[in-house]
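Residue numbers (this note's numbering), protein chains in the order written: chain A, 1 to 115; chain B, 1 to 115; chain C, 1 to 115; chain D, 1 to 115. Even glycine gets a Cβ: it sits at the ideal position worked out from N, Cα and C. Owing to the predicted nature of the structure, the values given are computational and were not obtained by experimental measurement.
4 protein chains.
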Amino acid sequence: MPGLDEVRARLRSFVEERDWDQFHSPKNLAASVSIEAGELLEQFQWTDPQPEHVRADPAWQARIEDEVADVALLTLLLSERLGIPLEDAMLRKLAKNAQRYPAAEFKGSARKAPR
Amino acid sequence: MPGLDEVRARLRSFVEERDWDQFHSPKNLAASVSIEAGELLEQFQWTDPQPEHVRADPAWQARIEDEVADVALLTLLLSERLGIPLEDAMLRKLAKNAQRYPAAEFKGSARKAPR
Amino acid sequence: MPGLDEVRARLRSFVEERDWDQFHSPKNLAASVSIEAGELLEQFQWTDPQPEHVRADPAWQARIEDEVADVALLTLLLSERLGIPLEDAMLRKLAKNAQRYPAAEFKGSARKAPR
Amino acid sequence: MPGLDEVRARLRSFVEERDWDQFHSPKNLAASVSIEAGELLEQFQWTDPQPEHVRADPAWQARIEDEVADVALLTLLLSERLGIPLEDAMLRKLAKNAQRYPAAEFKGSARKAPR
Chain A
1 MPGLDEVRAR LRSFVEERDW DQFHSPKNLA ASVSIEAGEL LEQFQWTDPQ PEHVRADPAW
61 QARIEDEVAD VALLTLLLSE RLGIPLEDAM LRKLAKNAQR YPAAEFKGSA RKAPR
Chain B
1 MPGLDEVRAR LRSFVEERDW DQFHSPKNLA ASVSIEAGEL LEQFQWTDPQ PEHVRADPAW
61 QARIEDEVAD VALLTLLLSE RLGIPLEDAM LRKLAKNAQR YPAAEFKGSA RKAPR
Chain C
1 MPGLDEVRAR LRSFVEERDW DQFHSPKNLA ASVSIEAGEL LEQFQWTDPQ PEHVRADPAW
61 QARIEDEVAD VALLTLLLSE RLGIPLEDAM LRKLAKNAQR YPAAEFKGSA RKAPR
Chain D
1 MPGLDEVRAR LRSFVEERDW DQFHSPKNLA ASVSIEAGEL LEQFQWTDPQ PEHVRADPAW
61 QARIEDEVAD VALLTLLLSE RLGIPLEDAM LRKLAKNAQR YPAAEFKGSA RKAPR
């Protein structure tokens, strides 16, 4: 599979070729992540299927893949715009979450940790 | 920088150690992407700053990094749950967008292409 | 119960007393509706309770009431800003939906009508 | 203008005629509010217009009215489902916000009050 760096390179060309940087303020990109996240959620609006159930319906799976990709592309674009090294930030946040939710204490529990 | 595969491996351990798979239906993960996207957008609720303006405020930049990472982690988790190869899906969606928005026609324009 | 007109009057005073009109562009208000909708959804992030189950937990019910009110207040504020008569718009949209989803055809079905 | 009670009555008939109560768990309705809020925000994705600018474009204004109405209808539906008296809840939340954001202290300021 191609790495995220290849996606970064192609995304940069895509934006440059269309001269779209002018629209990509951090706020506009954050709003776009939210809009696309809503379209992704729409795929599950009235139903809560098991993964196997989704994968048994290739058209549904394909629509979800498209929406997931949109969220990911816009999140990556925002990261690039703000100089955020996305993979590093993900690992750092995961380490924070591991501290906030100790496995021994939160095993099998969906409750929120206090802020 | 670590690759996305390292993030995948650590994310899998994190979830397994807490026995949280049971909460991670595709719908719950899609809802969580949306919730986190809202928290990200909240960082820009009443303002539309240039990237330099954000980066000049390290606490603000750090909060945004955390929110961006949350969106990305949950999007990756949903992809894993549905067997979506995220980097591939991103490249495919980018290729679709390139067809839908020909550079010659949409250069410098923020209008939507017809569906 | 007070009518929506009383809410409108108090909302207008609230905003005027704080001189907050300057922040309330339609986009900022639409973004705020989305942010608050995310906070509302967070109340149901990992669970799908029956209404009775929520109402049996007064603290949970109260948090949801607060989030529902935030979404409604911001939606009303956006309507006022754009001169949208909200109750009329709701009735018009309901009539449109009734046409798009004929009862005979969509009874008991959660599928989407074609656009 | 019709009152919110008329909207309530028509909304109830609309749902009953289609036997859609079965899909309207609080979570599904909260997710739907979020989805519709995303569609509303999409109307301002790459632009931050003045209200007059929107109103000068009747097709745009009409699309926004539809999306605002969708958010409001789903918020009202969720309120009804949970026995929340929406107008009361809005007034109560406004009173809370007035305490949290004293006019003297927050006049002209968009900063957040501490939790």
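- When the beta-carbon positions are compared, E67 of chain B and L40 of chain B come within less than 7 Å of each other.
- Between I35 of chain C and G38 of chain B, the C-beta gap is smaller than 7 Å, which places the two residues in contact.
- Minimum Cα-Cα distance from A89 of chain D among the listed residues C:P85, C:R63, C:P114 and C:A98 corresponds to C:R63.
- Inter-residue distance for N28 of chain A and K112 of chain C is about 29 Å (C-alpha atoms, whole angstroms).
- Counting only Cβ-Cβ distances below 7 Å, W46 of chain B has contacts in chain D at A110, in chain order.
- Apart from the 5 residues on each side of it in sequence, F106 of chain A sits with its Cβ closer than 8 Å to the Cβ of A113 in its chain, given in chain order.
- When secondary structure is reduced to three states using DSSP, D19 of chain A falls in the coil class, being assigned neither helix nor strand.
- For R115 of chain B, the closest alpha carbon among the candidates B:E17, B:R100, B:G108 and B:L82 is that of B:R100.
- Apart from sequence neighbours up to five positions away, the residues of its chain that approach D21 of chain C with a beta-carbon distance below 7 Å are V15, ordered along the chain.
- A30 of chain A: member of the alpha helix (DSSP H) spanning P26 to E42, first to last residue.
- In the displayed model, M90 of chain B falls within a helix according to three-state DSSP.
- In the three-state scheme derived from DSSP, where H, G and I count as helix and E and B as strand, D66 of chain B is classed as helix.
- A contact between stretches requires three or more CB pairs, one per stretch, nearer than 8 Å, and the stretch 42-56 of chain B fails this requirement with the stretch 50-59 of chain A.
- At least one CB of chain D lies nearer than 7 Å to the CB of A31 of chain A.
- Looking at the backbone, the Cα of L78 of chain B and that of V7 of chain B are separated by about 14 Å.
- Per DSSP, reduced to three states, the secondary structure at A113 of chain C is coil, with no helix or strand assignment.
- For E87 of chain D, the closest Cβ of chain C is nearer than 7 Å.
- Excluding the 5 residues flanking it on each side, E87 of chain A has same chain C-beta neighbours closer than 8 Å at L4, in chain order.
- Cβ proximity to chain C below 7 Å picks out A31 and S34 from the stretch 1-34 of chain A.
- Closer than 7 Å to the CB of R81 of chain D there is at least one CB belonging to chain C.
- Secondary structure at W60 of chain B: helix, using DSSP grouped into helix, strand and coil.
- The Cβ-Cβ distance between P85 of chain A and M1 of chain B falls below 7 Å.
- DSSP places T75 of chain A within a helical segment (H, G or I) once states are collapsed to three.
- For N97 of chain C and A103 of chain C, the gap between their C-alpha atoms comes out near 10 Å.
- Using a 10 angstroms sphere on the CB of E52 of chain C, the tally of other CB atoms stays under 16, which defines it as exposed.
- For the pair L74 of chain C and V71 of chain D, the Cα-to-Cα distance works out to about 11 Å.
- E65 of chain D and G108 of chain A have their alpha carbons spaced roughly 44 Å apart.
- If you compare the alpha carbons of D:R55, D:P26 and D:A30 with that of R55 of chain C, the shortest gap goes to D:P26.
- Per DSSP, P51 of chain D is one residue of the alpha helix (DSSP H) stretching across P51 to R55.
- Look at Q45 of chain C here: in three-state DSSP terms it is coil, with no helix or strand label.
- Taking the Cβ atoms as the reference, L76 of chain C lies roughly 19 Å from R10 of chain D, outside the contact range of under 8 Å.
- Within chain A, the residues A30 and V33 have their CB atoms less than 7 Å from the CB of L40 of chain B, given in chain order.
- A95 of chain B and L82 of chain A have their alpha carbons spaced roughly 24 Å apart.
- With a threshold of 16 other beta carbon atoms within 10 Å, S32 of chain A meets it and is buried.
- The beta carbon of D19 of chain A sits closer than 8 Å to none of the beta carbons in its chain outside the five residues before and after it.
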